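J.:
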Amino acid sequence: MQDNALQLRKVNVIRYVTPLREGGSLPAIAEADDGFLYVLKFRGAGQGLKALIAELLGGEMARAVGLKIPEIVFAQLDEAFGRTEGDEEIQDLLRASEGLNLGLHYLSGSITYDPTVTVIESLLASKIVWLDCLLTNVDRTARNTNMLLWHQELWLIDHGAALYFHHSWDNWAEQAIRPFAQVKDHVLLPQAADLAAVDAQYKAILTPARVRTIVNTIPDEWLTGGPQTEPPEVLREVYFQFITQRIAHSEIFVNAAAHARQTLI
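Here UniProt numbering is used: position 11 in the sequence shown is 11, and no number is missing along the way.
#1: Taking ILE14 as part of the beta strand (DSSP E), name the residues at either end of that continuous run.
#2: To the nearest angstrom, how far is the alpha carbon of ALA173 from that of ALA80?
#3: Which residue comes first and which comes last in the alpha helix (DSSP H) that contains LYS50?
#4: Can you tell me the Cα-Cα spacing of ILE90 and HIS259, whole angstroms?
#5: Over the uninterrupted alpha helix (DSSP H) stretch that includes GLN76, give me the two end residues.
#6: In terms of residue numbering, what span does the alpha helix (DSSP H) encompassing LEU94 cover?
#7: According to DSSP, which residues form a beta bridge with HIS153?
#8: Please state whether the Cβ-Cβ distance between LEU67 and LEU134 is less than 9 Å.
#9: What do you reckon, are the CB atoms on GLY160 and GLU55 nearer than 9 Å?
#10: Which residue wins for smallest C-alpha separation from ASN12, given the options LEU37, ASP3, GLU237?
#11: Check each candidate in ALA197, PHE165, GLU88 and name the one with the smallest Cα separation from ARG246.
#12: Mind the definition here: the segment 122-140 touches the segment 177-194 only if three or more C-beta pairs lie below 8 Å; say whether that holds.
Listed below in structure tokens is the structure:
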């Protein structure tokens, strides 16, 4: 992690409470040494470290533009943590996740956003659609909205499927300026009538300096645990260039989203 980075809190996980089995990567509710509960995302699960990076960057970029995101923390898991876990699958997951993981503050009492029950106003819907187009987040559909209602406000969760370019680094520069074809399946696209206004607003907020600060928050150990052999600073630069190039050419994904919306309404 670089000097000009966000100062996220670091907690130590002290108790595994319960798995959240609706998630494919077996996230869990866990208690940390600060007394709070967190939804813990494990480095040893599913897409592993890349999902944690996407979760971190997606969540903090959403926060930067003013959307509601649970607090993100770095969550340390020591080697003794999983020894008393009776479920063999979970024990294997905990052993594979020793070290630095990611936690999101648990929103106790929240309910899953249901588009058939609650209609989101156009400006907020447009803000979320714009951000997901930027992040190439494929996981905000009617089947899996990844949004919660908590204290009568809409909160975004689970950005682990975003930034899918990093699963194949070879053509990241080309992918940076592509439209986001999967926006046609976005649960909020029908309400997103203010994309042009949001585009101007969010481009002014997400300056290269702000993006750099967020990207610099990625821990070194999350960048050195995969198949890439480049040093962390080189990989951070790819994330920075990918995101800033998408912002600079945002009219590509905004126009594609607006066109996809017209086919739905």
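For glycine and all other residues, C-beta sits at the position ideal for the given N, C-alpha and C.
A quick note: this is a predicted structure, and the numbers were derived from the prediction, not measured.
T.: Let me lay it out:
#1: Here residue 14 refers to the residue found at position 14 of the sequence shown. Element bounds for ILE14: 10-19.
#2: Taking the sequence shown and counting its residues from 1, the one referred to as residue 173 is at position 173. Taking the sequence shown and counting its residues from 1, the one referred to as residue 80 is at position 80. For ALA173 and ALA80, the distance between alpha carbons rounds to 42 Å.
#3: Translated into positions along the sequence shown, residue 50 becomes position 50. 49-64 is the extent of the alpha helix (DSSP H) around LYS50.
#4: Position 90 of the sequence shown, counting from 1, holds the residue named residue 90. Position 259 of the sequence shown, counting from 1, holds the residue named residue 259. When rounded, the distance between both Cα atoms is 44 Å.
#5: Locating residue 76 in the sequence shown gives position 76, counting from the first residue. Looking at the DSSP string, GLN76 is not in any alpha helix (DSSP H); the run it does join, the beta strand (DSSP E), is 72-77.
#6: Translated into positions along the sequence shown, residue 94 becomes position 94. Where LEU94 is concerned, the enclosing alpha helix (DSSP H) stretches over 88-96.
#7: Indexing the sequence shown from 1 puts residue 153 at position 153. At residue 153 the sequence reads Glu, which differs from the His that was named. TRP150.
#8: If you number the sequence shown from 1, residue 67 lands on position 67. If you number the sequence shown from 1, residue 134 lands on position 134. For LEU67 and LEU134, no; Cβs fall outside 9 Å.
#9: Taking the sequence shown and counting its residues from 1, the one referred to as residue 160 is at position 160. Taking the sequence shown and counting its residues from 1, the one referred to as residue 55 is at position 55. Yes, the pair counts as a contact, with Cβ atoms nearer than the cut-off.
#10: As a first step, residue 12 is located in the sequence shown; it is residue number 12 there, counting from the start. Minimum Cα distance to ASN12 is reached at LEU37.
#11: The count along the sequence shown starts at 1 and reaches residue 246 at position 246. Measuring C-alpha to C-alpha distances from ARG246 to each of ALA197, PHE165, GLU88 identifies PHE165 as the nearest.
#12: In short, these stretches touch, since the Cβ pair count reaches three.
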